[in-house]
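Take a look at the structure below.
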């Protein structure tokens with residue numbers, strides 16, 4: 001969902017500028033490596049950026065400092081991965097991690113950060129559609145899709161539900177300090193008069209249009225008993241709905257940041 005990643009980049013805005021003075025960075029669940037490559041191209045020349053994923057689908061041409069690494073982050077230890085990181089970045093991993101393994105993932109991230117200065121950034125999309133002015137259809141296909149998708153992924157024990165308080169509690173229980181959360185609206189259709197909101201919405205809409213079916217087939221067929229054609233028909237109706245400008249539906253993007261304290265803290 002690279003277009004969805006672009007929506008995240010747009011939503012974060014100048015926050016991303018803080019990456020570019022760091023020298024040891026790890027991108028967990030990098031996918032095609034788009035985030036890590038972008039940061040590597042802008043970072044200091046001696047920066048090391050390890051891009052970790054279960055699948056090696058990163059491009060052959062990569063910038064200096066970019067280090068692709070094939071690894072399963074559900075392993076109990078991250079021994080082979082980059083240590084003493086200034087930043088560990090995780091993005092859209094809900095659904096990829098077994099629900100009960102999140103405390104372990106946070107613990108391993110904590111262990112690979114530099115005490116006192118290293119920080120974690122975790123970004124997720126909350127797929128529950130929201131609308132502040134009731135400008136969406138009464139029998140919304142997108143709402144129906146989200147309900148079924150979340151239910152199916154729950155049954156895989158790979159929940160995609162964003163539970164802000166639970167994530168904060170897990171981060172604090174791990175030992176992180178300065179835990180902060182930001183919530184950013186991502187409209188599913190570019191109707192807004194605000195230029196930045198429109199641009200985020202354009203990328204988010206493209207990402208949804210290209211990803212809904214691929215995200216949905218496995219959980220709806222294997223866990224909810226749907227036929228493939230029924231899943232495709234629901235996704236098609238949801239995609240058409242997200243392209244109607246008079247509907248003001250949005251999803252929330254959640255950004256957590258947390259720091260590993262120093263030895264005296």
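Residue numbers (UniProt numbering): 1 to 265. For every residue, glycine included, the Cβ atom is placed at its ideal position computed from N, Cα and C.
**Request:** Could you please give the first and the last residue of the uninterrupted beta strand (DSSP E) stretch that includes residue 119?
**Result:** Your numbering for residue 119 matches position 119 in the chain shown. Segment 119-130, the beta strand (DSSP E) holding residue 119.
**Request:** Return the CA-CA distance between residue 197 and residue 187, expressed in angstroms with no decimal places.
**Result:** The sequence position of residue 197 within the chain shown is 197, counting from 1. The sequence position of residue 187 within the chain shown is 187, counting from 1. In a straight line, the C-alpha of residue 197 is about 7 Å away from that of residue 187.
**Prompt:** By Cβ distance, which residues of its chain are closer than 6 Å to residue 162, with the 5 residues on each side in sequence left out?
**Reply:** Position 162 of the chain shown, counted from the first residue, corresponds to residue 162. The residues are 124, 126, 254.
**Request:** Going by CA-CA distance only, name the one from 174, 146, 54 that's closest to residue 239.
**Result:** For the purposes of this step, residue 239 is identified with residue 239 of the chain shown, where counting begins at 1. Residue 146 is the option with its Cα nearest to residue 239.
**Prompt:** Which of the three DSSP states, helix, strand or coil, is assigned to residue 71?
**Reply:** Position 71 of the chain shown, counting from 1, holds the residue named residue 71. Three-state result, residue 71: coil.
**Request:** Say whether the segment 71-81 touches the segment 31-49, bearing in mind that this needs 3 or more beta-carbon pairs closer than 8 Å, one atom from each stretch.
**Result:** no
**Prompt:** What are the partner residues of residue 89, as DSSP defines its beta bridges?
**Reply:** Walking along the chain shown from the start, residue 89 turns up at place 89. Looking at the DSSP assignment, residue 89 forms a beta bridge with 27, 121.
**Asked** With which residues is residue 256 paired in a DSSP beta bridge?
**Response** Locating residue 256 in the chain shown gives position 256, counting from the first residue. Paired residue(s): 122, 181.
**Request:** Using the Cα positions of residue 260 and residue 26, report the straight-line distance between them to the nearest angstrom.
**Result:** Here the question's residue 260 lines up with position 260 in the chain shown. Here the question's residue 26 lines up with position 26 in the chain shown. Between residue 260 and residue 26, the C-alpha separation is close to 15 Å.
**Item:** Range of the contiguous alpha helix (DSSP H) that encloses residue 169
**Value:** For the purposes of this step, residue 169 is identified with residue 169 of the chain shown, where counting begins at 1. Where residue 169 is concerned, the enclosing alpha helix (DSSP H) stretches over 164-174.
**Asked** When DSSP builds the beta bridges, which residues end up paired with residue 52?
**Response** On the chain shown, residue 52 is found 52 positions in, with the first residue counted as 1. Its beta-bridge partners are 28, 69.
**Prompt:** Taking DSSP as the reference, what is the three-state secondary structure of residue 94?
**Reply:** Numbered from 1 along the chain shown, position 94 holds the residue referred to as residue 94. Three-state DSSP puts residue 94 in a strand.
**Prompt:** Is DSSP giving residue 250 helix, strand or coil here?
**Reply:** To locate residue 250, count along the chain shown from 1; it is residue 250. Looking at residue 250 - three-state DSSP - the assignment turns out to be strand.
**Message:** Among 191, 177, 236, 244, whose alpha-carbon lies nearest the alpha-carbon of residue 264?
**Reply:** As a first step, residue 264 must be located in the chain shown, where it is residue number 264. Of the listed residues, the one whose Cα sits closest to residue 264 is 177.
**Message:** Is the beta carbon of residue 106 closer than 8 Å to that of residue 170?
**Reply:** Position 170 of the chain shown, counted from the first residue, corresponds to residue 170. Position 106 of the chain shown, counted from the first residue, corresponds to residue 106. In this structure, residue 106 lies closer than 8 Å to residue 170 by Cβ.
**Request:** Could you pull out every residue in the same chain whose Cβ sits closer than 8 Å to the Cβ of residue 133, ignoring the five residues on either side in sequence?
**Result:** The sequence position of residue 133 within the chain shown is 133, counting from 1. So the list reads 248, once near-sequence residues are dropped.
**Request:** Specify the secondary structure class of residue 113 as computed by DSSP and reduced to three states.
**Result:** As a working mapping, residue 113 is identified with position 113 in the chain shown. Residue state, collapsed to three classes: strand.
**Prompt:** If you compare alpha carbons, which of 74, 209, 245, 151 is closest to residue 193?
**Reply:** Counted from its first residue, the chain shown places residue 193 at position 193. Residue 245 is the option with its Cα nearest to residue 193.
**Item:** Contacting residues, own chain, Cβ-Cβ under 6 Å from residue 15 (five flanking each side not counted)
**Value:** Along the chain shown, read from residue 1 onward, the residue named residue 15 stands at position 15. Because residue 15 sits at a pLDDT of 49, beneath the cut-off of 50, its placement in the model cannot be relied upon, and the following sentence gives the value as read from the coordinates. Around residue 15: no qualifying Cβ.
**Message:** What does the alpha-carbon distance come out to for the pair residue 69 and residue 90?
**Reply:** Numbered from 1 along the chain shown, position 69 holds the residue referred to as residue 69. Numbered from 1 along the chain shown, position 90 holds the residue referred to as residue 90. Those two C-alpha atoms are separated by around 15 Å.
**Message:** Quick check: the Cα distance between residue 191 and residue 136, rounded to an integer number of angstroms?
**Reply:** Here residue 191 refers to the residue found at position 191 when the chain shown is read from its first residue. Here residue 136 refers to the residue found at position 136 when the chain shown is read from its first residue. Approximately 13 Å, taken between the alpha carbons.
**Request:** Using the Cα positions of residue 216 and residue 185, report the straight-line distance between them to the nearest angstrom.
**Result:** As a first step, residue 216 is located in the chain shown; it is residue number 216 there, counting from the start. As a first step, residue 185 is located in the chain shown; it is residue number 185 there, counting from the start. About 23 Å.
**Request:** Reducing DSSP to helix, strand and coil, say where residue 83 ends up.
**Result:** As a first step, residue 83 is located in the chain shown; it is residue number 83 there, counting from the start. In this structure, residue 83 counts as coil in the three-state DSSP scheme.
**Message:** Can you list, in chain order, the residues of its chain with a C-beta nearer than 7 Å to that of residue 153? Leave out the 5 residues immediately preceding and following it.
**Reply:** Taking the chain shown and counting its residues from 1, the one referred to as residue 153 is at position 153. Only 95, 159, 160, 219 meet the Cβ criterion.
**Message:** Beta-carbon within less than 7 Å of residue 88's beta-carbon, same chain only, minus the 5 sequence neighbours each way: which residues are those?
**Reply:** Numbered from 1 along the chain shown, position 88 holds the residue referred to as residue 88. The residues are 26, 28, 109, 112, 113, 120.
**Message:** Please report the straight-line C-alpha distance between residue 38 and residue 61, rounded to a whole angstrom.
**Reply:** If you number the chain shown from 1, residue 38 lands on position 38. If you number the chain shown from 1, residue 61 lands on position 61. The straight-line gap from Cα to Cα measures roughly 13 Å.
**Message:** DSSP three-state label for residue 34, please.
**Reply:** The sequence position of residue 34 within the chain shown is 34, counting from 1. Helix.
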